[in-house]
Structure formats: structure tokens, C-alpha cells
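Numbering (my numbering), first residue to last: -11 to 99.
Next up, the structure:
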């Protein structure tokens, strides 16, 4: 069963793979949705379409990488997103569940 997240004044873009990821876009802002089905990493990619005040698109990638699936690699997903966005701005947010010693973990692993 897929629940729909709502917030007054916003449109929701979501995926329910794994735990699911939601991205809310303020109503009135034109946007498009992109989806890369070939990954197990839950993600949404929303493109804010240019307007008279903004020359280029802004892409927002929201990710959740389940810590149970350590084999998942963000590199391919990020490469694909960069290729899609080309010269436009790309904001990447979310939870990669990556452990790094610099962040206080007693180990690091590639993700």
C-alpha cells in the first residue's frame, strides 16, 4: 500500500522502493520528474523548469540508501544524474548511510 504524503501548498513526488523518498515542490513552480529504474537506491529527481527569473533548470535529487544493502553504489546513480543535468545545477540531498572515520565512525566504507 502506498501512502500519499501531502502538505498544503505543495505537490509531492515520491517513490516507494524500499523505505521510500518524498520530495515536495511548492505549487505554482513548474517541475518535471525523472526516474532511473535501474537502481536499488530509493531516489527522486525533480527538475525545476526555468522561468522568466531563472535561465537554467535546477535539479533536486533526493536519495535514501538502505544500510542493509551495502553493495549499492551511488557512483553510477550520481554519474547518470550529472549526465542528465548537463550544465544545469544539481542539488543532491538525502541519506546515503555511508560510514566515514572523519564523521566519528570507527571504520569507513565506499559507497
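We treat Cβ as the ideally placed atom computed from N, Cα and C, and that holds for glycine.
Own chain residues within Cβ distance below 7 Å of residue i, not counting five before or after
i: residue 45; result: 35, 36, 37, 38, 76
Residue(s) in a DSSP beta bridge with residue i
i: residue 52; result: 30, 83
i: residue 3; result: 9
Beta carbon of residue i nearer than 7 Å to that of residue j
i: residue 47; j: residue 27; result: no
i: residue -6; j: residue 32; result: no
i: residue 50; j: residue 69; result: no
Euclidean distance between Cα positions of residue i and residue j
i: residue 42; j: residue 94; result: 44 Å
i: residue 79; j: residue 92; result: 25 Å
i: residue 56; j: residue 13; result: 29 Å
i: residue 30; j: residue 19; result: 20 Å
Spatial neighbours of residue i in its chain, beta-carbon cut-off 8 Å, leaving aside the 5 residues before and after
i: residue -2; result: 12, 13, 14, 15
Close-in-space but distant-in-sequence residues of the same chain around residue i (CB under 6 Å, 5 per side omitted)
i: residue 85; result: 53, 55
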